Amino acid sequence: MKDKDREYVLRTAKDQNVKFVRLWFTDILGFLKSFSITVAELEGALEDGMGFDGSSIEGFARIDESDMIAKPDPNTFTLLPWRSTQEGNVGRMFCDIIYPDGRPYDGDPRWVLKQQLKRAADMGYTFYVGPELEYFYFKSSQGTPVGLDSGGYFDLTPLDVATDLRKDTILTLEAMGIPVEYSHHEVAHSQHEIDLRYTDALTMADSTMTYRLVVKEVAMKYGVYATFMPKPIYGQNGSGMHVHQSLFKGNRNAFYDAKAKYQLSDTGKKYIAGLMAHVGEITLALNQWVNSYKRLVPGYEAPVYISWALRNRSDLIRVPGYRPGKEEATRVELRSPDPACNPYLAFALMLAAGLDGMEKNYDLREPYEGNIYELPEAERTRMGIQTLPEDLYEAIKVAEKSELMRRTLGDHVFEKLIENKKVEWARFKAQVTSYELEEYLPIL
Ligand SMILES: Nc1ncnc2c1ncn2[C@@H]1O[C@H](COP(=O)(O)OP(=O)(O)OP(=O)(O)O)[C@@H](O)[C@H]1O
Ligand SMILES: [Mg+2]
């Protein structure tokens, strides 16, 4: 940690009358964890970190090895606008989790991402991502979800009562140093999207965690509830998290090649081939809840088949159209992830799959430009187009056998994630759902 970064935090905390600092990190499922220190502890925390009991964190340590240290990353220091009071302000920093002897903790999702970013950096690349998180506003989190409007894609007031909510959310994100490109009403009733400007993957994973909290905090301020649940309403589009991604060498976009077909470089093609080859294995982390698979069904813009194309939104992987003079915008969009994933693990696994495609020279099949949903099954099979896992159980089975998943997540996170998801599936499987009662009770 550079002295100047530390000095910057101490100086800013003083200038901004900061009384408390929240130390944030995530568990393996991507839930934000936080504990607060007084400003008097800040210098020591920046120096040595703050101890905490790791055994109370999902997927972290057993009780007998639970001493953990949260080491704040000074580059993530910012104020929490909704916590500002007369008495003073509240700051926030993301932390890396380490053992008391200083070794990085292999159960820390932020460390898992850093490992993959180091692999890319050793190859000379910087990994940039731009996730599009969709979400719903509902009157409350209890009972059948009731939306705030029955608007649709790009709809404007009076249908779009959430305009003020979105505006307030964007201003809060920008006050925290997170640049926003644009926002709009999405396809489903009461569904919205705010698009963050792409940046390096570690900063974006931190920003994705902050985005989810800010959306919910602002919604609460207005007395409504915001959710990133992938499919809260049967028959309406679900909430996805399309992830636009690219690799740069210095300030040159390595996915761009002026002379290549579609201006997509060999590096870009091999990266896509890597994603195509491994997306099934990593789906457990991109779509980690039982409910995630209620979104991945035909008929709702969400992908089901493993295919790629230019511009075409029915495919899993899309290469948005090249615009002359916009070389830096050459990118690959993976459309299956949902916003209830752990962004650190999801970004790490997408990068790992892409880099494997590059390192092992995977071949990329021709793009499929037709509407993949209209392709007869026999034709799909003949073309060797496979499907994403159909439910959490299948995703667990495929992930369990994946060398790439274990290698990228590390044994600890890999085993803890599989273990946790098996418990979730077993609990779900035992449920007697209202659908079953409605369907079967009257006739059986
Ligand atoms: N080189 C790049 N690498 C990674 N992300 C990028 C790059 N260039 C642009 N982006 C990001 O890609 C995202 C594009 O979002 P945009 O909403 O335009 O996508 P879209 O898929 O066309 O929209 P939609 O899915 O809503 O139809 C933005 O977050 C933008 O910052
Ligand atoms: Mg998109």
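Position one of the sequence shown corresponds to residue 33 (this note's numbering), numbered consecutively onward.
Glycine included, C-beta positions come from ideal geometry on N, C-alpha and C.
These numbers come from a predicted model, not from an experiment.
Nearest-angstrom Cα separation, counted from K171 out to G255: Position 223 of the sequence shown, counted from the start, is the residue given in the question as residue 255. Position 139 of the sequence shown, counted from the start, is the residue given in the question as residue 171. Cα to Cα, the separation comes out at about 8 angstroms.
Heavy atom of ligand 1 within 7 angstroms of D227 beta-carbon: Position 195 of the sequence shown, counted from the first residue, corresponds to residue 227. At least one heavy atom of ligand 1 is nearer than 7 angstroms to the Cβ of D227, so yes.
Beta carbon of L348 nearer than 8 angstroms to that of F159: As a position in the sequence shown, residue 348 is number 316, starting the count at 1. As a position in the sequence shown, residue 159 is number 127, starting the count at 1. Remark: C-beta atoms of L348 and F159 do not approach each other more closely than 8 angstroms.
Local Cβ density within 10 Å of T465, reported as buried at 16 or more and exposed below that: Reading the sequence shown from its first residue, position 433 is the one you call residue 465. When all chains shown are included, T465 counts as exposed.
Every unbroken beta strand (DSSP E) inside the segment 207 to 284 [3 residues or more]: 212 to 217, 223 to 228, 257 to 259, 273 to 281
Residue nearest to I304 in terms of C-alpha spacing, selected from A341, P330, A317, T315: Residue numbering aside, residue 304 sits at position 272 when the sequence shown is read from its first letter. With distances taken between Cα atoms, I304 lies closest to A341.
In DSSP terms, what L296 is bridged to: By 1-based counting over the sequence shown, the position of residue 296 is 264. Per DSSP, Y288.
Among A258, D232, R412, Y257, nearest to N283 - alpha-carbon criterion: Counted from its first residue, the sequence shown places residue 283 at position 251. Of A258, D232, R412, Y257, the residue nearest in Cα terms is D232.
N-terminal and C-terminal residue of the alpha helix (DSSP H) that M155 is part of: Residue numbering aside, residue 155 sits at position 123 when the sequence shown is read from its first letter. Where M155 is concerned, there is no enclosing alpha helix (DSSP H), given that its DSSP letter is neither H nor E.
Alpha helix (DSSP H) segment containing G357, residue limits: Taking the sequence shown and counting its residues from 1, the one referred to as residue 357 is at position 325. It is not in any alpha helix (DSSP H) - G357 carries neither H nor E in the DSSP assignment.
Alpha helix (DSSP H) segments (min. 4 residues) lying fully within the segment 394 to 471: 409 to 415, 424 to 432, 435 to 461
Check: E332 C-beta below 7 angstroms from any heavy atom of ligand 1: Position 300 of the sequence shown holds residue 332. Here the sequence assigns Tyr to residue 332, which means Glu is not the residue at that position. Checking every heavy atom of ligand 1 against the Cβ of Y332, none is found closer than 7 angstroms.
Helix, strand or coil at P141 according to DSSP, with G and I counted as helix: Taking the first residue of the sequence shown as 1, we reach residue 141 at position 109. P141: helix per DSSP, three-state reduction.
Where P104 sits in the DSSP three-state scheme: Here residue 104 refers to the residue found at position 72 when the sequence shown is read from its first residue. It is a strand residue.
Residue range of the unbroken alpha helix (DSSP H) whose run includes R38: Along the sequence shown, read from residue 1 onward, the residue named residue 38 stands at position 6. Per DSSP, R38 belongs to the alpha helix (DSSP H) from 35 to 47.
Euclidean distance between Cα positions of A384 and Q148: In the sequence shown, counting from the first residue as 1, residue 384 sits at position 352. In the sequence shown, counting from the first residue as 1, residue 148 sits at position 116. About 7 angstroms.
Distance cut-off 7 angstroms: V71 Cβ against heavy atoms of ligand 1: The residue you call residue 71 lines up with position 39 of the sequence shown. Checking the Cβ of V71 against ligand 1 gives no.
Proximity below 8 angstroms, CB of P163 to CB of V275: Taking the sequence shown and counting its residues from 1, the one referred to as residue 163 is at position 131. Taking the sequence shown and counting its residues from 1, the one referred to as residue 275 is at position 243. Yes, they are a contact pair.
G502 (DSSP reduced to helix, strand or coil): The structure shown has nothing for residue 502, since the chain only spans 33 to 476.
Presumed contact (8 angstroms Cβ cut-off) between Y294 and E359, rounded CB distance: The count along the sequence shown starts at 1 and reaches residue 294 at position 262. The count along the sequence shown starts at 1 and reaches residue 359 at position 327. The Cβ separation is near 13 angstroms, so there is no contact.
Strand pairing of M82, partner residues [DSSP]: By one-based count along the sequence shown, residue 82 stands at place 50. In the DSSP output, where bridge partners are listed per residue, M82 has A102.
Extent of the continuous alpha helix (DSSP H) to which D187 belongs: Within the sequence shown, the letter at position 155 stands for residue 187. Boundaries cannot be given for D187, as no alpha helix (DSSP H) includes it and DSSP labels it neither H nor E.
Rounded separation between D488 and G184 - CA only: The chain is shown from 33 up to 476; residue 488 falls before or after that span and cannot be answered.
Closer than 7 angstroms: Y230 CB and nearest ligand 1 heavy atom: Taking the sequence shown and counting its residues from 1, one reaches residue 230 at position 198. True, at least one ligand heavy atom lies under 7 angstroms from that Cβ.
CA-to-CA distance, D99 to P474, given in whole angstroms: Here residue 474 refers to the residue found at position 442 of the sequence shown. Here residue 99 refers to the residue found at position 67 of the sequence shown. In a straight line, the C-alpha of P474 is about 56 angstroms away from that of D99.
Check: H216 C-beta below 7 angstroms from any heavy atom of ligand 2: Your numbering for residue 216 matches position 184 in the sequence shown. No, the beta carbon of H216 sits no closer than 7 angstroms to any heavy atom of ligand 2.
Reduced DSSP category for W340 - H, G, I as helix; E, B as strand; rest coil: For the purposes of this step, residue 340 is taken as residue 308 along the sequence shown, with counting starting at 1. Secondary structure at W340: strand, using DSSP grouped into helix, strand and coil.
Candidates R355, F460, Q463, K429: closest to E508 by CA position: The first residue shown for the chain is 33 and the last is 476, placing residue 508 beyond what the model contains.
Endpoints, the alpha helix (DSSP H) within which D388 is located: In the sequence shown, residue 388 corresponds to position 356, counting from 1. Segment 375 to 391, the alpha helix (DSSP H) holding D388.
Below 6 angstroms from a heavy atom of ligand 2 - residues by beta-carbon: E164, H274, E365
Straight-line Cα distance separating Y167 from A258: Here residue 258 refers to the residue found at position 226 when the sequence shown is read from its first residue. Here residue 167 refers to the residue found at position 135 when the sequence shown is read from its first residue. Answer to the nearest angstrom: the Cα atoms are 7 angstroms apart.
DSSP-derived helix/strand/coil call for N482: The structure shown has nothing for residue 482, since the chain only spans 33 to 476.
Cut-off 6 angstroms between Cβ atoms - residues of its own chain near W114, not counting five sequence neighbours on either side: Translated into positions along the sequence shown, residue 114 becomes position 82. Excluding positions up to five away in sequence, the list reads E249.
Nearest-angstrom Cα separation, counted from H224 out to R54: Indexing the sequence shown from 1 puts residue 54 at position 22. Indexing the sequence shown from 1 puts residue 224 at position 192. The straight-line gap from Cα to Cα measures roughly 28 angstroms.
Counted within 10 angstroms of its Cβ, other Cβ atoms place A292 as buried (16 or more) or exposed: Counting from one through the sequence shown, the residue named residue 292 turns up at place 260. A292 comes out exposed.
Buried or exposed by the 16-neighbour rule on C-beta atoms within 10 Å, applied to A290: Position 258 of the sequence shown, counted from the start, is the residue given in the question as residue 290. Classification of A290: exposed, given that the 10 Å Cβ count is below 16.
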